[in-house]
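*Asks:*
In my numbering, the protein residues as written are 1 to 136.
(1) Taking its Cβ as the centre, do 16 or more other Cβ atoms sit within 10 Å of residue 131, making it buried, or is it exposed?
(2) So, are the CB atoms of residue 119 and residue 109 less than 8 Å apart?
(3) Using only CA atoms, which one of 38, 90 and 3 lies nearest to residue 47?
(4) Going by other Cβ atoms of all chains shown within 10 Å of its Cβ, with 16 needed for buried, is residue 8 buried or exposed?
(5) Taking the continuous beta strand (DSSP E) assigned at residue 92, which residues delimit it?
(6) Can you give the beta carbon distance from residue 138 to residue 66, rounded, assuming they're within the 8 Å contact cut?
(7) If we call anything under 8 Å between Cβ atoms a contact, is residue 55 one with residue 124?
(8) Would you please state the rounded distance, in angstroms, between the beta carbons of residue 126 and residue 49? I believe it to be under 8 Å.
(9) Is residue 52 near residue 28, with beta carbons less than 8 Å apart?
(10) Please name the residue, chosen from 96, 58 and 121, that lies closest to residue 86 on a Cα-to-Cα basis.
(11) Considering only residues of the same chain and omitting the five flanking positions on each side of residue 40, which have a CB-CB separation below 7 Å?
Quick look at the structure:
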């Protein structure tokens, strides 16, 4: 009986390790929440895109995509925000969202559960890995 539990624990540990290795392969992101002094009905999100290398070179042509927003139990498609100067700042609706940072030639990176509240100011930086798959 103890050996069965040990096997389960070891397998779960391996799954966690493998999953964390794969997530770094495609890049990562940093997320910081701030409260604004002037509260409005929406949240403000600011973001920048960088290459996931040692010097974090900025990516000049990237996009931030809000995949869905959940409000009152409904999933609502939203907007794609493009950036050319490696920085964007946009008002977004309050609620749960799933967002994706994309740039041509790089792996996209998802933020699966982003909860926004009225008056939030969110700083989201994407560090994307180059996509080295061959173009056939």
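Even for Gly, the Cβ is constructed at its ideal location relative to N, Cα and C.
*Replies:* A quick look at the data gives this:
(1) Counted from its first residue, the chain shown places residue 131 at position 131. When all chains shown are included, residue 131 counts as exposed.
(2) To locate residue 119, count along the chain shown from 1; it is residue 119. To locate residue 109, count along the chain shown from 1; it is residue 109. Inclusion of residue 119 and residue 109 in the CB contact set at 8 Å is not warranted, their separation being larger than that value.
(3) For the purposes of this step, residue 47 is taken as residue 47 along the chain shown, with counting starting at 1. Nearest option by C-alpha distance: 90.
(4) On the chain shown, position 8 is the one that residue 8 refers to. Exposed, because fewer than 16 other Cβ atoms sit within 10 Å of the Cβ of residue 8.
(5) Counted from its first residue, the chain shown places residue 92 at position 92. The continuous beta strand (DSSP E) containing residue 92 extends over residues 87-92.
(6) For the chain, the structure presents residues 1 to 136; residue 138 sits outside this window and is missing.
(7) For the purposes of this step, residue 55 is taken as residue 55 along the chain shown, with counting starting at 1. For the purposes of this step, residue 124 is taken as residue 124 along the chain shown, with counting starting at 1. Note that the C-beta distance between residue 55 and residue 124 is not below 8 Å.
(8) As a working mapping, residue 126 is identified with position 126 in the chain shown. As a working mapping, residue 49 is identified with position 49 in the chain shown. Confirmed, Cβ separation roughly 5 Å.
(9) The count along the chain shown starts at 1 and reaches residue 52 at position 52. The count along the chain shown starts at 1 and reaches residue 28 at position 28. In contact: residue 52 and residue 28 (Cβ atoms closer than 8 Å).
(10) In the chain shown, the residue the question calls residue 86 occupies position 86. When 96, 58 and 121 are compared, the shortest CA-CA separation from residue 86 is found for 58.
(11) For the purposes of this step, residue 40 is taken as residue 40 along the chain shown, with counting starting at 1. Correct list, in chain order: 118 and 119.
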